[in-house]
Amino acid sequence: MHGPTADLFADAALQQPPGREQIGEESYVLRGYALPWIDRLLPELRRVLAQSPFRQMVTPGGFTMSAALSSCGALGWTTDSAGYRYTPLDPRSQQPWPTMPDALHEFATRAATEAGFPDFSPDACLINRYVPGAKMSLHQDKNERSYTAPVVSVSLGLPAIFLFGGHERSDKTQKISLFHGDVVVWGGVDRLRFHGVMPIKEGVHPIMGPQRINLTFRTAG
Ligand code: MD6
Ligand code: FE
Numbered sequence: 008m009h010g011p012t013a014d015l016f017a018d019a020a021l022q023q024p025p026g027r028e029q030i031g032e033e034s035y036v037l038r039g040y041a042l043p044w045i046d047r048l049l050p051e052l053r054r055v056l057a058q059s060p061f062r063q064m065v066t067p068g069g070f071t072m073s074a075a076l077s078s079c080g081a082l083g084w085t086t087d088s089a090g091y092r093y094t095p096l097d098p099r100s101q102q103p104w105p106t107m108p109d110a111l112h113e114f115a116t117r118a119a120t121e122a123g124f125p126d127f128s129p130d131a132c133l134i135n136r137y138v139p140g141a142k143m144s145l146h147q148d149k150n151e152r153s154y155t156a157p158v159v160s161v162s163l164g165l166p167a168i169f170l171f172g173g174h175e176r177s178d179k180t181q182k183i184s185l186f187h188g189d190v191v192v193w194g195g196v197d198r199l200r201f202h203g204v205m206p207i208k209e210g211v212h213p214i215m216g217p218q219r220i221n222l223t224f225r226t227a228g
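Here the working numbering is used: the sequence shown runs in plain steps of one and ends on residue 228.
In structure tokens:
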């Protein structure tokens, strides 16, 4: 079988039922966990993005990232020629990042609790937008001040293949398909594992359109 129909079947076979899948010692995929929250999350996300729109940032090495970024919360993640860091101001507007909407904060703390991290209180939510072809190279999340808190990550829109590696860049990676509404929580001994996102395949999501949006909640400060 070839063409779009084959892809549809492949995706349907990969789609997992709701539940908690363990992907590491202290890492879980919560399938469909965000679905009951979507109607609360999307209007808040829209308000955040009206204030701090997506923009493509440049890495310290001079590469423009294919994913476009924004943030909300007390701290937002930024990269430019000076390096990767968290800042209290949106560099584009020189104003504070939009505050983290209560619904987003509540969502993230509940998801973390579900995965065994009951004390999570994020102060940063990084928002990534991927159009087809956009990707995220293997990286570690290590700009946060402490690694005791987990990261909670929500996938919206087009599916993605998430790469979950080890503690060395060269370690073998697991490929994990993430669909609209899936949540990944990881922390503890897994907090600094390398991870990335393969190039997003062409498609149009019925709710989100031709894009994938990923929210990652962290305690940064
Ligand atoms: C993404 N996510 O899924 C990129 N980082 O689009 C991340 O880089 C990430 O999903 C830390 C923890 C969870 C993540
Ligand atoms: Fe990351």
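In this text, a Cβ means the ideal position worked out from N, Cα and C, and glycines have one as well. Remember, it's a predicted structure, so these values are computed and weren't measured experimentally.
If you draw a straight line from the C-alpha of residue i to the C-alpha of residue j, how long is it?
| i | j | result |
| --- | --- | --- |
| residue 8 | residue 204 | Reliability of the predicted coordinates at residue 8 is poor, the pLDDT of 45 falling under 50, and the value obtained from them is presented with this limitation in mind. The alpha-carbon atoms of residue 8 and residue 204 are separated by roughly 26 Å. |
| residue 79 | residue 210 | 27 Å |
| residue 101 | residue 76 | 16 Å |
| residue 175 | residue 201 | 7 Å |
| residue 154 | residue 33 | 13 Å |
| residue 87 | residue 93 | 11 Å |
| residue 170 | residue 111 | 25 Å |
| residue 27 | residue 117 | 14 Å |
| residue 47 | residue 109 | 10 Å |
| residue 152 | residue 81 | 14 Å |
| residue 212 | residue 161 | 16 Å |
| residue 38 | residue 189 | 5 Å |
| residue 187 | residue 217 | 12 Å |
| residue 2 | residue 222 | Nothing about residue 2 can be read from this structure; the chain reaches only from 8 to 228. |
| residue 191 | residue 127 | 14 Å |
| residue 68 | residue 83 | 20 Å |
| residue 85 | residue 36 | 26 Å |
| residue 177 | residue 49 | 37 Å |
| residue 172 | residue 29 | 14 Å |
Using only CA atoms, which one of the options lies nearest to residue i?
| i | options | result |
| --- | --- | --- |
| residue 31 | 90, 197 and 215 | 197 |
| residue 179 | 48, 145, 122 and 106 | 145 |
| residue 114 | 199, 202, 40 and 218 | 40 |
| residue 72 | 53, 45, 137 and 49 | 137 |
| residue 66 | 35, 185 and 90 | 90 |
| residue 163 | 149, 185, 85 and 36 | 185 |
Since I believe residue j is in contact with residue i (beta carbons under 8 Å), could you give me their beta-carbon distance rounded to a whole number of angstroms?
| i | j | result |
| --- | --- | --- |
| residue 142 | residue 206 | 4 Å |
| residue 193 | residue 157 | 6 Å |
| residue 95 | residue 224 | Their Cβ separation, rounded to whole angstroms, is 17 Å, which puts residue 95 and residue 224 out of contact at 8 Å. |
| residue 7 | residue 131 | Outside the shown range of the chain, which is 8 to 228, sits residue 7, and nothing can be said about it. |
| residue 135 | residue 214 | Not quite, the Cβ-Cβ distance comes to about 17 Å (not below 8 Å), so this is no contact. |
| residue 208 | residue 98 | In fact, because the Cβ distance is near 31 Å, the residues do not count as touching under 8 Å. |
| residue 168 | residue 182 | 5 Å |
Three-pair Cβ contact test at 8 Å for the stretch 62-69 versus the stretch 120-136:
Contact between the stretch 62-69 and the stretch 120-136 is absent, because fewer than three Cβ pairs lie under 8 Å.
Continuous beta strand (DSSP E) assignments of at least 3 residues falling wholly in the stretch 173-204
Taking only runs of at least 3 residues, the beta strand (DSSP E) segments lying wholly in the stretch 173-204 are 181-185, 190-193 and 202-204.
Runs of 4 residues minimum, wholly inside the stretch 50-133: which ones carry the alpha helix (DSSP H) assignment?
For the stretch 50-133, whole alpha helix (DSSP H) runs of length 4 or above, ordered along the chain, are 109-121.
If contact is defined by three or more beta carbon pairs under 8 Å, each pair taking one atom from either stretch, is the stretch 49-56 in contact with the stretch 94-109?
Yes, they touch.
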